[in-house]
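Residue numbers (our numbering), protein chains in the order written: chain R, 1 to 502; chain B, 1001 to 1328.
In this text, a Cβ means the ideal position worked out from N, Cα and C, and glycines have one as well.
Please read these numbers as outputs of a predicted model, since none were measured by experiment.
Right under this line is the structure:
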């Protein structure tokens, strides 16, 4: 491992409307090392990587690879072809209906003869050679759709290697892998390292950083907080650098009295979730924690009538109720903050006022004319109460920042005066400051007697904010914890255990 | 994130509301300029007789376009409107010639429009077939039905109905224009001042988010297609009253005229956006173009070329202005 840097990013700044996404960020890597980049959602990791790969244009700064400056406007393909700079995104992109070989040689298929026919033999040979590097033994003409997610990820690595990659960025590659697959992926990363490839590994899982990385760079609020040798740091130190304050401050958890049962679910089955039973009490924040595909999301979607349930009972205030649609859920006093704010939470092209009062249209529209005075009053009240930062109630919600958008989604449901508020990953894509504000709002709602079910895959969050939690794995409840017994290792172990058996 | 969205976001509110107004305003200016040019080229253009003629044709188109506006804000196009109109006109005029009094005929107009709208509405909101496919199917079914009902022209004989189609209040304003105004005002009011209207915009903007917010998106769509059918029936019937005869082929081949006008009026094909004022201006512009060309004795084929060209130029101006062509 040489000591000189091969990749140097200097003073990169990027501004989005209302947000300084990156504030003079530096990053350096050496040949054959794994540099982990960690930070909370909204810390700027992904933006930095998108600038590095050419998907975003930086406002100012410089990127040098092996001493050569990469012009900022160089596109992703040219960066790969001319500089050996590749990126593997969280959402993988290949053509499912085509073969492994075709995917590997996408855009540069070998041709032969005067008719420029596709040279399948050459493709087959080259693919097999590539795969041999990683001890893989597939028929190159297997369709990609028949591979597992992990195998597809490896395919992506092969694609990069086949183009003589020098620096490879991997954006949370294990988010949809189970433990065994993660192990395999790490093996491949090791062999890439031995070939002298530099890996920039984006993650928010500290455990992976210690398993894999040589150095770690911490980002927060669009700034580089520090770079450390992995051998010389502890996870406690990294967490503190990530959140920038002690964890008790990050999660403003007040001790509040918890009332009697509001909602009970008995033997609910929905999608991959099987036989789920739990009860929710007045004024508590109840966490459903599990990895992707664990069944938490399916459970709440079944409860809300978004998905059809295949069995089980829902008991609200002591009475059995049937909820077949979100409309019925709303009538019963069950509200839902979905995880994908843009696709499911808001009508982006319309105003804050329209979005905020969308849940009250029936009530506001009684009589011949919609009560626009009330609409304005509601909007102004909640902009004030939630401290939504917006130029006016008529601002198009698309123009608001993620945190403010999320506040609109929460506010529109509080207007309906719900008994139960279900929040699916409520702080996704929200910057740290707004996160704390959302947690405070949640506390405030509990104080007003609303019960919250929070679905999340973020361990720190579920530990920080909930009173009680269920751990899901493989569609089943693996265990339950009370706040006083929270134990990060034990919870994670339970959540992962299920997926190992998959 | 595409740069276009960022660019829009960075604009202050005042600028944006001027842009919003700008669309209506620029259409109005276009109409004014057009009228000026025609007036200079033909002394006949600005006569009361001719202006009322333009209004008469525009009115009937505007009635069905108002229903189309609602369905298009929802993101669904109704291309069966002209067929619905033909069936309604044929059955109602047959009913009239069989001796039914005019007021019973008018009730039948409403019933038939709603009935065919009901079929579209059911297919779209219950069976979840895309609106354009649904109405492509029903367009042909209704058209065929019209030919099956009567393979010939049926003359309008009831003097009340003829007066409705051709007559003018105080000898000046065509009755159809008054009917159109009433319909337009009702739909405009529905869209802007009722919860149904707000729901149309919200569902059109993001159906999934609206549904998850407890809006019955299916019901909104259902009602929208009822309205679309009703306005189609009324306008088809009024065409017959105006022409003095119901024909099974009435409106065949000109399905896209209303759609062009609505798009010219600034509606977004992806839904969620659009205004009645735009639709009205869109129709007036297209009608004025055709009227002026007719006065210049330009033949009908050339008029089609011009109408299509105007639509494309208008949309092109819009694309360029929105900055969608700018690179990131």
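(message) Let me make sure I understand the geometry here. Which of R/336, R/407, R/438 and R/143 has the alpha-carbon closest to that of residue 299 of chain R?
(response) R/336
(message) Bridge partners for residue 1122 of chain B per DSSP, in chain order?
(response) DSSP output for residue 1122 of chain B lists no bridge partner at all.
(request) Over the uninterrupted beta strand (DSSP E) stretch that includes residue 224 of chain R, give me the two end residues. (result) 223 to 229
(message) Less than 7 angstroms between the beta carbons of residue 1074 of chain B and residue 1221 of chain B, yes or no?
(response) yes
(message) Comparing C-alpha positions only, which one of B/1274, B/1176 and B/1052 sits nearest to residue 1262 of chain B?
(response) B/1274
(message) With the cut-off set at 7 angstroms, would you say residue 1205 of chain B and residue 347 of chain R are in Cβ contact?
(response) In this structure, the beta-carbon distance from residue 1205 of chain B to residue 347 of chain R falls below 7 angstroms.
(request) Mind reading off the beta-carbon distance from residue 1230 of chain B to residue 1117 of chain B? Whole number of angstroms is fine, and I expect it under 8 angstroms. (result) Here residue 1230 of chain B really is in contact with residue 1117 of chain B; their C-beta atoms are around 6 angstroms apart, less than 8 angstroms.
(request) Whole angstroms is fine: what's the gap from residue 1132 of chain B's alpha carbon to residue 1249 of chain B's? (result) Straight-line Cα distance between these residues: approximately 21 angstroms.
(request) Would you tell me roughly how many angstroms separate the C-alpha atoms of residue 1139 of chain B and residue 1240 of chain B, rounded to the nearest one? (result) 19 angstroms
(message) Whole angstroms are fine: how far does the CA of residue 131 of chain R sit from the CA of residue 1203 of chain B?
(response) 49 angstroms
(request) Could you pull the start and end residues of the alpha helix (DSSP H) that residue 208 of chain R belongs to? (result) 206 to 212
(message) Going by DSSP, what residue range makes up the beta strand (DSSP E) through residue 29 of chain R?
(response) 19 to 30
(request) Since I believe residue 252 of chain R is in contact with residue 574 of chain R (beta carbons under 8 angstroms), could you give me their beta-carbon distance rounded to a whole number of angstroms? (result) This structure cannot speak to residue 574 of chain R, because chain R is shown only from 1 to 502.
(request) Indicate whether residue 222 of chain R and residue 21 of chain R have their beta-carbon atoms separated by less than 7 angstroms. (result) yes
(message) Using the Cβ count rule (16 or more neighbours within 10 Å means buried), how would you classify residue 427 of chain R?
(response) buried
(request) Take residue 5 of chain R and list the residues in its own chain whose beta-carbon comes closer than 8 angstroms to its own, dropping the five residues that flank it on each side. (result) 28, 29 and 30
(request) Flag residue 1209 of chain B as yes if its beta-carbon sits less than 7 angstroms from any beta-carbon of chain R, otherwise no. (result) At least one chain R Cβ lies under 7 angstroms of residue 1209 of chain B.
(request) Taking only heavy atoms of the ligand MN into account, decide whether any of them is closer than 6 angstroms to the Cβ of residue 1093 of chain B. (result) The ligand MN is absent from the structure shown, which contains no ligand whatsoever.
(message) Cβ closer than 8 angstroms: which chain R residues qualify as neighbours of residue 1194 of chain B?
(response) 365, 368, 369 and 370
(message) Using the three-state DSSP reduction, which class does residue 471 of chain R fall into: helix, strand or coil?
(response) Three-state result, residue 471 of chain R: strand.
(message) Please state whether the Cβ-Cβ distance between residue 430 of chain R and residue 403 of chain R is less than 7 angstroms.
(response) When the beta-carbon positions are compared, residue 430 of chain R and residue 403 of chain R come within less than 7 angstroms of each other.
(request) Please name the residue, chosen from B/1096, B/1065 and B/1093, that lies closest to residue 1082 of chain B on a Cα-to-Cα basis. (result) B/1065
(message) So with CB distances below 8 angstroms, who are the chain R contacts of residue 1275 of chain B?
(response) Ordered by position in chain R, no residue passes the 8 angstroms Cβ test against residue 1275 of chain B, which lies about 14 angstroms from the chain.
(request) For the segment 267 to 349 of chain R, list the beta strand (DSSP E) runs that are entirely contained and at least 3 residues long, ordered along the chain. (result) 273 to 281, 285 to 289, 311 to 316, 319 to 321 and 334 to 337
(message) Give me the chain B residues within the contact set of residue 358 of chain R, using Cβ-Cβ distance strictly less than 9 angstroms, ordered along the chain.
(response) 1198, 1199, 1202, 1209, 1210, 1213, 1214 and 1215
(request) Determine the chain R residues that contact residue 1257 of chain B at a beta-carbon separation under 9 angstroms, and present them in chain order. (result) Below the 9 angstroms Cβ cutoff, chain R contributes no neighbours of residue 1257 of chain B, its closest Cβ being approximately 28 angstroms away.
(request) Determine the chain R residues that contact residue 1205 of chain B at a beta-carbon separation under 8 angstroms, and present them in chain order. (result) Those are 347, 348, 349 and 350, listed as they occur along chain R.
(request) Indicate whether at least one CB of chain R lies closer than 7 angstroms to the CB of residue 1144 of chain B. (result) no
(message) So if DSSP puts residue 378 of chain R in a beta bridge, which residue, or which two residues, is it bridged to?
(response) Looking at the DSSP assignment, residue 378 of chain R forms no beta bridge with any residue, so it has no partner.
(message) Is there a C-beta anywhere in chain R that falls below 7 angstroms from the one on residue 1067 of chain B?
(response) no
(message) Is the separation between the beta-carbon of residue 1031 of chain B and that of residue 1258 of chain B shorter than 7 angstroms?
(response) no
(message) Tell me which residue opens and which closes the beta strand (DSSP E) that residue 141 of chain R is part of.
(response) Neither: residue 141 of chain R is in no beta strand (DSSP E) and is coded neither H nor E.
(message) Spatial neighbours of residue 1157 of chain B within its chain, please: C-beta separation below 8 angstroms, excluding the five flanking residues on both sides.
(response) 1096 and 1097
(message) Less than 7 angstroms between the beta carbons of residue 1121 of chain B and residue 1226 of chain B, yes or no?
(response) yes
(request) Measure from the alpha carbon of residue 407 of chain R to the alpha carbon of each residue in R/388, R/262 and R/200, then state which is nearest. (result) R/388
(request) Anything in chain R within Cβ reach of residue 1272 of chain B, meaning under 8 angstroms, just list it in chain order. (result) 347, 349 and 350
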